[in-house]
Amino acid sequence: MSSPGHELIHLVDDDAAVRRSVSFMLKTMGFRVRIYETGDALLKSSRALENGCILLDIRMPGMDGLEVQQELQRKGVGLPVVIMTGHGDITLAVEAMKAGAVDFIEKPLEKEALVRALEEGFSRLSRKECARDRKLDATVRLQALTSRERTVLDGLLRGLPNKTIAGELGISPRTVEIHRANLMTKLQVRSLSEALRIALAAAE
Numbered sequence: 001m002s003s004p005g006h007e008l009i010h011l012v013d014d015d016a017a018v019r020r021s022v023s024f025m026l027k028t029m030g031f032r033v034r035i036y037e038t039g040d041a042l043l044k045s046s047r048a049l050e051n052g053c054i055l056l057d058i059r060m061p062g063m064d065g066l067e068v069q070q071e072l073q074r075k076g077v078g079l080p081v082v083i084m085t086g087h088g089d090i091t092l093a094v095e096a097m098k099a100g101a102v103d104f105i106e107k108p109l110e111k112e113a114l115v116r117a118l119e120e121g122f123s124r125l126s127r128k129e130c131a132r133d134r135k136l137d138a139t140v141r142l143q144a145l146t147s148r149e150r151t152v153l154d155g156l157l158r159g160l161p162n163k164t165i166a167g168e169l170g171i172s173p174r175t176v177e178i179h180r181a182n183l184m185t186k187l188q189v190r191s192l193s194e195a196l197r198i199a200l201a202a203a204e
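Going by this note's numbering, 193 is the number at position 193 of the sequence shown; the sequence numbering is gapless.
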């Protein structure tokens with residue numbers, strides 16, 4: 001994993017002994033740790049959560065881990081979640097995986113299993129950040145297009161030939177070609193596939 005010592009783990013567990021031992025383990029592995037005693041405490045901070053992985057206990061009083069995970073998704077918090085389970089919680093853990101959790105690991109936590117789960121979590125986080133950067137870049141580029149150029153690009157994205165786009169817009173195929181050349185220049189691309197990738201990235 002990149003930048004050890006800078007990656008943050010949001011640790012959520014109602015058991016003080018578990019919080020102490022897992023927090024100690026994570027810190028010795030080079031992570032920063034932020035501790036929450038309940039799922040509610042995490043959710044109250046959800047709007048300002050710093051990027052990182054959420055290490056979430058499945059069995060807690062009040063909201064359980066699955067409910068917390070669902071509420072995070074409802075609030076649009078896309079941080080990767082790793083579920084911690086006790087013996088006999090496998091069914092719940094599988095439900096959490098189906099709902100998008102990265103992995104589940106059984107208590108007492110084994111260091112190797114924890115590392116693997118967190119590596120996958122941070123890998124997902126990195127991919128999301130890349131996708132977000134691509135979307136932002138694509139959106140900025142598309143703003144340079146006129147509404148007619150954008151309409152032509154939308155037609156190309158639907159797989160339509162110039163002639164069909166021309167018919168839909170009531171213009172000549174030659175005019176479509178001119179719009180197509182202009183939009184590719186503005187998007188700074190040399191092929192239709194590159195232009196389409198930008199349109200798709202903006203729509204993600």
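Ideal placement from N, C-alpha and C gives every residue a C-beta, glycine not left out. Keep in mind that this is a model prediction, so the values were computed, not measured.
Tell me, please, which residues DSSP counts as bridged to residue i.
{"i": "Ile105", "result": "Met84"}
{"i": "Arg180", "result": "Note: Arg180 sits in no beta bridge, so no partner."}
{"i": "Ile35", "result": "Leu11"}
Among the options, which one has its Cα closest to the Cα of residue i?
{"i": "Asp64", "options": "Thr146, Pro80, Asp103, Met84", "result": "Met84"}
{"i": "Ala99", "options": "Leu66, Leu55, His179, Asp154", "result": "Leu66"}
{"i": "Val12", "options": "Phe31, Asp137, Arg20, Leu42", "result": "Leu42"}
{"i": "Met60", "options": "Ala181, Arg19, Arg47, Val33", "result": "Arg19"}
{"i": "Lys44", "options": "Asn162, His179, Leu72, Ser172", "result": "Leu72"}
{"i": "Gln143", "options": "Met184, Gly88, Glu129, Glu177", "result": "Met184"}
{"i": "Gly76", "options": "Gly88, Asp57, Ala48", "result": "Ala48"}
{"i": "Leu56", "options": "Leu118, Gly88, Val176", "result": "Leu118"}
{"i": "Glu50", "options": "Gln69, Leu26, Gly78, Glu177", "result": "Gly78"}
{"i": "Ile198", "options": "Asn162, Ile178, Ser172, Arg150", "result": "Arg150"}
{"i": "Ser21", "options": "Gln70, Leu8, Lys111, Leu92", "result": "Lys111"}
{"i": "Pro173", "options": "Val152, Leu192, Glu129, Val189", "result": "Val152"}
{"i": "Glu204", "options": "Val189, Glu129, Arg148, Ala166", "result": "Glu129"}
{"i": "Glu168", "options": "Leu192, Val102, Glu7, Arg148", "result": "Arg148"}
{"i": "Gly62", "options": "Glu37, Pro80, Arg74", "result": "Glu37"}
Where does residue i land, buried or exposed, given buried means 16+ other C-beta within 10 angstroms?
{"i": "Val115", "result": "exposed"}
{"i": "Val140", "result": "exposed"}
{"i": "Ser3", "result": "The pLDDT assigned to Ser3 is 42, lower than 50, so where the model puts this residue is not dependable; a value taken from the coordinates is nonetheless given after this. With fewer than 16 Cβ atoms within 10 Å of its Cβ, Ser3 is classed as exposed."}
{"i": "Phe24", "result": "exposed"}
{"i": "Pro108", "result": "exposed"}
{"i": "Asp89", "result": "buried"}
{"i": "Ala17", "result": "exposed"}
{"i": "Asp154", "result": "exposed"}
{"i": "His6", "result": "exposed"}
{"i": "Asp195", "result": "Note that residue 195 is Ala in the sequence shown, not Asp. Its Cβ being crowded by 16 or more others within 10 Å, Ala195 is buried."}
{"i": "Ala166", "result": "buried"}
(request) Kindly provide the ranges of any alpha helix (DSSP H) runs that are 4 or more residues long and lie completely inside the segment 93-144, ordered along the chain. (result) Under the rule that a run must span 4 or more residues, the alpha helix (DSSP H) segments found entirely inside the segment 93-144 read 111-142.
(request) Run through the segment 53-84 for me and flag every whole beta strand (DSSP E) of 3 or more residues, listed as ranges in chain order. (result) Correct list: 53-57.
(message) Count Cβ pairs between the segment 128-145 and the segment 158-175 that sit closer than 8 Å; are there 3 or more?
(response) The answer is no - the segment 158-175 does not touch the segment 128-145, with fewer than three Cβ pairs under 8 Å.
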